[in-house]
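A.B. asks: Residue 1 is where the sequence shown starts when you use the UniProt record's numbering, and the numbers rise one by one after that.
For every residue, glycine included, the Cβ atom is placed at its ideal position computed from N, Cα and C.
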Amino acid sequence: MAGYRKLSRTSSQRKALIRAQVTSLLHNGKMVTTEAKAKEIRKVVEKLIAMAVREKDNFETVTVTAKVARKDKDGKRVKEVVDGKKVTVYDEVQKEIKKDAPSRLHARREMKKILYTVKEVPQEAAGKKKNTKEVDIAEKLFTDIAPKYADRNGGYTRIVKIGQRRGDGAMEVLIELV
């Protein structure tokens with residue numbers, strides 16, 4: 001007996017389907033799908049959340065000095081003439097950044113193998129490419145989801161049966177983060 005459900009798909013199609021549904025579940029918090037798909041998704045999501053819980057505090061905050069171009073009121077770079085050439089003026093700025101420990105960096109890369117990037121479009125800017133922003137689901141796992149489940153040992157998802165689908169009679173379920 002196989003260790004996974006084939007879901008009537010080739011391996012590449014199955015992998016893409018699971019990746020898409022895992023990303024959607026972590027981004028939205030819940031989704032409706034068939035029972036077989038939900039049970040496969042649950043395996044992957046549980047592993048990702050467990051990894052995030054294990055590594056959520058494994059970073060250090062570092063202060064770095066960065067050169068940032070000075071900008072005028074219109075948002076354009078300020079330039080000065082030096083030796084007959086126009087040169088951009090830079091200011092030094094202190095920034096605080098999170099520096100991942102090696103194990104957290106490895107966990108982040110493992111998550112990125114599975115998760116797709118998600119683009120959010122605000123309601124007022126629907127249809128415009130300019131205002132879209134990419135959501136880092138791996139970062140969301142570390143900052144939002146993992147602290148919720150820090151004191152929990154597994155069982156991060158819940159599957160609730162809804163009923164049979166009208167078209168083919170497949171059992172539909174709601175899978176959600178607890």
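#1: Taking the beta strand (DSSP E) that Arg-19 belongs to, which residues open and close that run?
#2: Using 8 Å as the Cβ pair cut-off and three pairs as the minimum, do the region 59-66 and the region 98-110 touch?
#3: Among Lys-79, Val-93, Gln-94, which has the Cα closest to the Cα of Val-87?
#4: Whose C-alpha, out of Leu-25, Lys-161, Glu-139, Val-135, is nearest the C-alpha of Ala-107?
#5: Can you grab the Cα-Cα spacing for the pair Lys-130 / Val-44, in whole Å?
#6: Going along the chain, which unbroken runs of the alpha helix (DSSP H) with 4 or more residues stay wholly within the region 118-145?
#7: Which two residues bound the contiguous beta strand (DSSP E) that contains residue 196?
#8: Can you give me the C-alpha to C-alpha distance between residue 184 and Asp-151, rounded to a whole angstrom?
#9: Mapping DSSP to helix, strand and coil, what is Leu-7?
#10: Assess, as a yes-or-no matter, whether the region 115-122 is touched by the region 18-34 under the definition of 3 or more beta carbon pairs within less than 8 Å.
#11: Inspect the beta-carbon positions of Glu-55 and Arg-104 and report whether they are closer than 8 Å.
#12: Mapping the DSSP letters down to three states, classify residue 232 as helix, strand or coil.
#13: Alpha carbon to alpha carbon, what distance is there between Lys-30 and Ile-137?
#14: My output table needs one value for Arg-42: the three-state DSSP class, helix, strand or coil.
C.D. replies: Based on what the coordinates show:
#1: Not the beta strand (DSSP E): Arg-19 falls in the alpha helix (DSSP H), residues 11-28.
#2: yes
#3: Lys-79
#4: Glu-139
#5: 33 Å
#6: You should have 137-140.
#7: A query on residue 196 cannot be resolved here, the shown segment of the chain reaching from 1 to 178 and no further.
#8: The requested residue 184 is not part of the displayed model; the chain covers only 1 to 178.
#9: coil
#10: yes
#11: yes
#12: With the chain represented from 1 up to 178, any question about residue 232 goes unanswered, as that position is not in the structure.
#13: 15 Å
#14: helix
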